[in-house]
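Scroll down for the structure; my scribbles are underneath it.
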Amino acid sequence: MATGPLRFATPHIEELPTTHTRQAPGFAWVAVSGAQDDSSKNWGTANRKRARAQGGGQTEAQKEAITARQQREIERKIKELNSDNSKDVQIPLPKREGTGGGASRAGKTSNTKKILASGKTFAHYLDDEEAEIARTGRRDGDLEVQMPAAQPRPSKTPLARRKTLGEDGSSTGGTPIPQSLNARRSMDHSSRPSTPGASRLDEQNEDQQDIPTLPTDAELDVLLKAPPLTYNQARSAPPPSNAPPPRRFCEVCGFFGRAKCMKCGAMTCSVLCKDTHDEHRCLKFYA
Amino acid sequence: MARKGASKGADAAPARLASRTLVLDNGAHTIKAGFSPLTTDSEPHADAECHVVANCIARSQRDKRTYIGPELLEECWDFGELAFRRPVEKGFVVNWEGEQAIWERTLLDKRSPLQCDPHEMNLILTEAPNGPSVLQRNMDEMVFEEFEFASYYRTISPVLNAYVPPPFPSTPALPSGTAAECLLVVDVGHSHTTTTPLHHGRPLHAACRRLEIGGKTLTNRLKEVLSRTVEVQKEDWIVQEIKEDVCFISQSFSSDLERVWKGGLKDPRDVDTSIVVDYVLPDYEAIKRGFSRPHDTKVSRKDRALGLHGGPREHIVTIANERFTVPELLFTPSDIGMQQEGVAGTILQSIYSLPQGLWQPFLANILVVGGSSKFPGFLERLRSEMESRVSEEYLVRVAQAEDPLKNVWAGGARLARSKDALSPLVVTRQEYLEHGDVWTRRKFAGKV
Chain P
1 MATGPLRFAT PHIEELPTTH TRQAPGFAWV AVSGAQDDSS KNWGTANRKR
51 ARAQGGGQTE AQKEAITARQ QREIERKIKE LNSDNSKDVQ IPLPKREGTG
101 GGASRAGKTS NTKKILASGK TFAHYLDDEE AEIARTGRRD GDLEVQMPAA
151 QPRPSKTPLA RRKTLGEDGS STGGTPIPQS LNARRSMDHS SRPSTPGASR
201 LDEQNEDQQD IPTLPTDAEL DVLLKAPPLT YNQARSAPPP SNAPPPRRFC
251 EVCGFFGRAK CMKCGAMTCS VLCKDTHDEH RCLKFYA
Chain C
1 MARKGASKGA DAAPARLASR TLVLDNGAHT IKAGFSPLTT DSEPHADAEC
51 HVVANCIARS QRDKRTYIGP ELLEECWDFG ELAFRRPVEK GFVVNWEGEQ
101 AIWERTLLDK RSPLQCDPHE MNLILTEAPN GPSVLQRNMD EMVFEEFEFA
151 SYYRTISPVL NAYVPPPFPS TPALPSGTAA ECLLVVDVGH SHTTTTPLHH
201 GRPLHAACRR LEIGGKTLTN RLKEVLSRTV EVQKEDWIVQ EIKEDVCFIS
251 QSFSSDLERV WKGGLKDPRD VDTSIVVDYV LPDYEAIKRG FSRPHDTKVS
301 RKDRALGLHG GPREHIVTIA NERFTVPELL FTPSDIGMQQ EGVAGTILQS
351 IYSLPQGLWQ PFLANILVVG GSSKFPGFLE RLRSEMESRV SEEYLVRVAQ
401 AEDPLKNVWA GGARLARSKD ALSPLVVTRQ EYLEHGDVWT RRKFAGKV
C-alpha cells in the first residue's frame, strides 16, 4: 500500500433502486459490511467436500434445520405480511380544486419542498441512519456535537445492564455495529438476566441485601438521559435457546403439522391434506 | 422526580401558549385528533372530542374515486376492492406528500369538524419510538414551515398514556398534567407492538423494545389464510372487518385447535361449532356490512352463492381455526418463523434490561393500549403468560386502558389542560425560527 495517503475511509456509495416510488433525489448511503458471513453466498472458498467427509454426512439436527433458502423465503413472507400499502397499486393524489392548485402542495419553503418531493421509503431512511452510525459511531451527530460538556455515552452502569441484542441485531443482515456498541455487546453477553437472580449483577445485589432497592436518583437520572436505541437495536430479541422449537402447521388446513413433505418440506396434518398438497401446492415453483 | 423545568417555565406560560391545543395522535392506521381547550375544568371526553380519522388514501376500483383521510369513513359506502396507500410506514410518517393531503383535508377543510387555524393552535403530536432522526427533523419542519403551528410538542406516543389515571385499583388520583410514577406501556398498534417503561412520564430509552407484529400483520396474515378457500387478497378492508369481528385470543391454544380439527372432508368427527362460524361477506347492495353467524353444515358455500338453498344469495366464508391462530402471532411470532419473542417475552426483555430494583414497580404497572389489544381474551392471556413466566415473589398487574384506541389522545388532552405542565415542553414557532431545527430536536430529546 504505497499509496497510503490516497485511501479514504469512506463507505461504499450505491444508488438504491426505488421500484415502487419515484426516484429519490440524490443518493442513499449504504453500509457495507466486512466479510460476508452468509454461508449460502460463500460458494467457492470453503472446502465443503472436505467438511462433508469429516462430518460424515448430515446429522439429524442438520436435516431438521431450515436451509438458508427456506430462511430467505420466510423473511420475504414476513416482509410481505408487514407491508403497509396494498400490493402493486399506485394511488396518485387527485388534483385539488380551488385553494391555489398545485402550488401549495409543492411546499412553502425549500425544506418542505424537499420533504414533499422525496420518494424515499422507510428502508432508505433506516439504511441512511445505519450507515451514519457505521461512519461516525453515533446517530444524529448534530445532537451530540453541540452538547456543552462533551458528554460521552452515559456512564457504564446502564449499558452493562442493557440487554444483549440478538446476534442478528439488524434487519439488514450484515449491518456493522458501531465500536461502542460492539464493546457493550461483549460486555453484557454473559450477564443477560433471563430469570430473576440469574445474572451476575443480581448476585452482587443479593450479597448486600435480599430485597432489591429502588435505584438512587442519580442512577435513575443516568437511565433517563440515555439516548434512544436505534430502530434495529429496539427490536425484540429472539426467544432464548432453551425455548420450545417453533410450531409447524399444516399448510392446507392450519392444524398442527404432523408429516413433512419429502419433496418440499411443507407440513401437513392428514392424508387428505397431504393429497391436496400434492395436487395443488407441492413444488409449485417447478410445475 | 419532578418534570424538569416545570417551575421555571410556569411564569412565561401565558405568552408561550396559544389558547387552544390540538392533540393529534398520528397512528399508522387512524389519526386520533381533537381539541383540548386550555381553560376548562371539565375532564376531556375522549368519546365526544376525539375524532378518529382514517390515515390513508384509498382508491376504489368500483367507483374510480380516491378518498383522502376522513372522506373514507364519511363518504365511502363500498369498501370492496379498496386499495390503500398509507403515508405512515412502520409507524413513522415517511410519505409527507400523502400525509399533507390528509392533514389538510382534516385540519384546513371547511367540511371537517376539526377545521382550525394552525397559527392559533398548540400542537401535541405523537411519533413511534426509536425512529430515525431524519424523520423527526422532517416532522418538525413540516409542522412549523408548512402548517405553521404556533407551538408544538412532539413526543413518542406511549408517553402520553402516563397522564391518564391508570386503570389499576387503589392508585391515587392523578391531577391533570402530572404523570404516573412508574408505568410500562404496551402499545399494540397497527404497525408493531412496543413496550416502553415510563418513569414520571419520561421514557427509559434503554429498555424500549419493539415486536414487529401489529394489526396490519394480522390482517395480512388473515388475508393469506382465508385465501386458501376464498380469494380475498384484494379485500383489505373486508378482511380487516372480519378480523375485528371474529378473531380472538385463545386461552389454551392447542386444545382449541384440536377442537376444530377435521381430518378432511370425510372425517366423521364433529367439530366444535362454538368456534366455527360462517362469515357473510358484504356485497354492498343488500348487505352493507359483513357479519358472522354459527356455522351451518347443511348448505354448501356454492349453493348459497347461487341462491340454490332457497334463501337470498350470499357469499360466505367459513372461519374455524383462523379465528385464533392468526392473532396468536402476537404471542408466538415463531409461528410464521419470525425470530422475535411474543408480547409477554418482549415485555420481560424490556423489564429485565432495567436495574433489578425497578422490576417490581414496572411489573405491577403494565398498561395495555392500542387498537390491536382489543381482541377478546388478550388481557387474560397476557396476564396468565406473565404470571407463569415471572417468579412468584413478584406481583404482576396487567390492565387495559378504558378505551385502548383513544388513551394516548386522552393523555395528551389531560396534559394540554395544564398550562404549567405543557408550557415548558413545547417549542414555539418563534423559537424554532430563532434556534433552528437542531435545537428543536434537542429540546424534544430533553437535552436543552
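Protein chains in written order, with full-length UniProt numbering: chain P, 1 to 287; chain C, 1 to 448. Backbone N, C-alpha and C fix where the C-beta goes; we use that ideal spot for every residue, glycine too. What you are looking at is a predicted structure, and each value in this text was computed from that prediction instead of being measured.
Practice task
Assign C/H199 to one of three DSSP states: helix, strand, or coil.
Solution key: It is a strand residue.
Exercise for the section: Quick one: using the 10 Å Cβ neighbour count with 16 as the cut-off for buried, is P/S194 buried or exposed? Expected result: The predicted position of P/S194 is uncertain, since its pLDDT is 43 and thus under 50; no value can be drawn from it.
Handout entry: Sufficient close CB pairs (3 or more, under 8 Å) joining the segment 223-236 of chain P to the segment 249-256 of chain P
Key = Below 8 Å, too few C-beta pairs join the segment 223-236 of chain P and the segment 249-256 of chain P to call them touching: fewer than three.
Practice task
Give me whichever residues DSSP pairs with P/A255 in a beta bridge.
Solution key: This sequence places Phe at residue 255 of chain P; Ala is not what is there. For P/F255, which the question treats as bridged, DSSP gives no partner whatsoever.
Handout entry: Same chain only: Cβ atoms within 8 Å of C/L433, ignoring 5 sequence neighbours per side
Key = The answer, listed in chain order, is F144.
Practice task
Please confirm if residue 289 of chain P has its CB atom under 8 Å from at least one CB of chain C.
Solution key: Any property of residue 289 of chain P remains undetermined from this structure, which presents chain P solely from 1 to 287.
Practice task
Using a Cβ-Cβ cut-off of 8 Å, state whether P/R139 counts as contacting chain C.
Solution key: Closer than 8 Å to the CB of P/R139 there is at least one CB belonging to chain C.
Exercise for the section: Please compile the residues from chain P whose C-beta is within a distance smaller than 8 Å of the C-beta of C/I57. Expected result: Under the 8 Å cutoff, chain P gives I91, L93.
Exercise for the section: Taking all protein chains shown into account, decide if C/L395 is buried (16 or more other Cβ within 10 angstroms of its Cβ) or exposed. Expected result: Counting other Cβ atoms within 10 Å of its Cβ, C/L395 stays below 16 and is therefore classed as exposed.
Exercise for the section: Can you say whether C/W77 is buried or exposed, counting buried as having 16 or more other CB atoms within 10 angstroms of its CB? Expected result: The residue is exposed, with fewer than 16 neighbouring Cβ atoms inside 10 Å.
Problem - Start-to-end residues for the alpha helix (DSSP H) that takes in C/F291 - result: Bounds of any alpha helix (DSSP H) do not take in C/F291; it lies within the beta strand (DSSP E) bounded by 291-294.
Exercise for the section: For C/P129, go through chain P and note every residue whose CB falls closer than 8 Å to its CB, in chain order. Expected result: For C/P129, the chain P residues whose Cβ falls inside 8 Å of its Cβ are P228, A234, in order along the chain.
Practice task
For P/R247, decide whether its Cβ has a neighbour in chain C, counting only Cβ atoms nearer than 8 Å.
Solution key: Interface residue, yes.
Handout entry: Below-8 Å beta-carbon distance, C/G357 vs any chain P residue
Key = Output row for C/G357: interface = yes.
Exercise for the section: Return the residue from the list C/H190, C/E393, C/D47, C/L329 that minimises the CA-CA distance to C/L382. Expected result: Relative to C/L382, the option among C/H190, C/E393, C/D47, C/L329 whose CA is nearest is C/L329.
Problem - Pair within 8 Å by beta-carbon distance, C/V426 and C/L17 - result: Yes, these two residues count as a Cβ contact at 8 Å.
Practice task
Select from P/G265, P/P94, P/P212, P/T268 the residue whose C-alpha is nearest the C-alpha of C/G357.
Solution key: If we check each option's Cα against that of C/G357, P/P212 comes out closest.
Problem - Stretch pair the segment 346-365 of chain C + the segment 182-202 of chain C: three plus CB contacts closer than 8 Å - result: Yes, since at least three Cβ pairs between the segment 346-365 of chain C and the segment 182-202 of chain C fall closer than 8 Å, the two stretches touch.
Exercise for the section: Provide the residue span of the beta strand (DSSP E) that contains C/C247, from first to last. Expected result: Following the DSSP letters along the chain, one finds C/C247 in no beta strand (DSSP E), marked with neither H nor E.
Practice task
Step through the CB atoms of chain C and report whether any lies within less than 8 Å of the CB of P/T109.
Solution key: Interface residue, yes.
Exercise for the section: Let me know the beta strand (DSSP E) ranges lying completely inside the segment 139-184 of chain C, each 3 residues or longer, listed in chain order. Expected result: Within the segment 139-184 of chain C, the runs of beta strand (DSSP E) that reach at least 3 residues and sit entirely inside it are, in chain order, 151-156.
Exercise for the section: Classify C/R228 as helix, strand or coil using the three-state DSSP reduction. Expected result: Secondary structure of C/R228 (DSSP, three-state): coil.
Exercise for the section: Using the DSSP secondary-structure output, state which residues sit across from C/Y279 in a beta bridge. Expected result: Bridge partners of C/Y279: C/S292, C/V317.
Exercise for the section: Run down chain P in chain order and give the residues with a C-beta less than 7 Å from the C-beta of C/F92. Expected result: What C/F92 touches in chain P: F122.
Practice task
Would you mind working out which of C/L125, C/V93, C/I336, C/T440 sits nearest C/V408, comparing C-alpha positions?
Solution key: Per the Cα distances, C/L125.
Problem - C-alpha distance - C/V188 paired with C/Q233, whole-angstrom precision - result: Answer to the nearest angstrom: the Cα atoms are 24 Å apart.
Handout entry: Straight-line Cα distance separating C/R414 from C/E120
Key = Put simply, the backbone Cα of C/E120 is about 19 Å away from that of C/R414.
Handout entry: Nearest-angstrom Cα separation, counted from P/K79 out to C/V260
Key = Here the C-alpha atom of C/V260 lies approximately 30 Å from the C-alpha atom of P/K79.
Exercise for the section: Locate the beta strand (DSSP E) running through C/I124, then write down its first and last residues. Expected result: Segment 121-127, the beta strand (DSSP E) holding C/I124.
Handout entry: Nearest candidate by alpha-carbon position, reference C/L218, set C/R209, C/E241, C/H199, C/T229
Key = The shortest Cα separation from C/L218 among C/R209, C/E241, C/H199, C/T229 belongs to C/E241.
Problem - C-beta atoms of C/A150 and C/N130 nearer than 8 Å - result: In this structure, C/N130 does not lie closer than 8 Å to C/A150 by Cβ.
Practice task
List the endpoints of the continuous alpha helix (DSSP H) containing C/Y432.
Solution key: Where C/Y432 is concerned, the enclosing alpha helix (DSSP H) starts and stops at 429-444.
Practice task
Can you tell me which of the three DSSP states C/Q400 falls into?
Solution key: Strand at C/Q400.
Problem - Classification of C/H45 by the beta-carbon crowding that lies within 10 angstroms, buried from 16 upward - result: So C/H45 ends up on the exposed side.
Practice task
Kindly examine the ligand ATP and report whether one of its heavy atoms sits closer than 7 Å to the Cβ of C/L257.
Solution key: Absence of the ligand ATP from the depicted structure is noted, as is the absence of any ligand whatsoever, leaving it without description.
Practice task
Anything in chain P within Cβ reach of C/A364, meaning under 8 Å, just list it in chain order.
Solution key: One finds nothing in chain P with a Cβ atom closer than 8 Å to the Cβ of C/A364; even the nearest lies about 13 Å away.
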